[in-house]
Structures are given as structure tokens and as C-alpha cells.
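Under this note's numbering, residue 492 is the last one in the sequence shown; the count climbs by one each step, no gaps. Think of the CB as a built atom: it goes at the ideal place given N, C-alpha and C, for glycine as much as any other residue. Since this is a predicted model, take the numbers as computed values, not measurements. Here's the structure we're looking at; comments come further down.
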Amino acid sequence: MTFADDTTLDDAYQTPDAIGFEEEEDEDYERLVVVAPPGKLGIVIDNPSGNIPFVHAIKETSVLKGKVQVGDLLLSVDEVDCRGMHSMAVSKLISNRGDNARTLKLLRNTSC
């Protein structure tokens, strides 16, 4: 007997990368470029699906408070593609570049 995957909830949990998100404009997503200053950023990154890492939490004291939002998808840090990266690898990438300003490219879902 063979069982097929149940895909009934796939659409609810897919990130743009998983649903064929392309570089063209998508009316549901706004592209953001945020220049983060040197030092700690005060954000928590997560990527449980293994697709695109996202901002999971923002500390009250974060230098990025008001610039990024919980749920923003992190595409790259200083032109290093973060799609498919484990959240710990992304955090390490951000931390290792902490002596300098970092450029974060993000996507924000505007349909919510």
C-alpha cells in the first residue's frame, strides 16, 4: 500500500520561495532594504520550514525597531543569499559582520 502526501494545508505554510516567488514584483510583498548599524541588532531569526528565514522577534531595545517587523522575510545580508539557510547560520552571518554596518534585504507581506 502506498500513501500520498496530504497537501491540504501546504498553501497556508508556504513562503514565497516555496510557491515559486520570482524576482518580479509581487503585489502581496514589499521589498525593503535596511542598513543596520554595527553592533548587536536585537532581533531573533527563525527558519523552521528551511525556505526563507524570517524575523521571529524584535527586542524593545533593538536598533531595528520600527524598521523591521516580526514576519519580515530575510532574503540577504550584505548580498549573501539567506534563502535556505538555517536560522543559526543566518544569526552567525549577521554577528560575524557586526563590526560594520550590514545591508539587509527583506520582504514584507502586505496582504495581512
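Where Lys447 and Val414 are concerned, what is the direct C-alpha to C-alpha distance, given to the nearest angstrom? 7 Å
With distances taken Cα to Cα, identify the nearest neighbour of Gly419 among Leu486, Ala481, Leu487, Thr490. Ala481
Beta-carbon proximity check, Asp461 vs Arg488, cutoff 8 Å: no
In three-state DSSP terms, what is Ile432? coil
From this set, Ser456, Gly430, Ile474, Leu421, which residue's C-alpha is nearest Lys445's C-alpha? Leu421
Tell me the DSSP secondary structure of Ala481 in three-state form. coil
Report the option in Val450, Pro433, Ser429, Gly430 whose CA atom is closest to the CA atom of Lys439. Val450
Whose C-alpha, out of Leu473, Thr490, Leu484, Met468, is nearest the C-alpha of Gly430? Met468
For the alpha helix (DSSP H) containing Val470, name the first residue and the last one. 467-476
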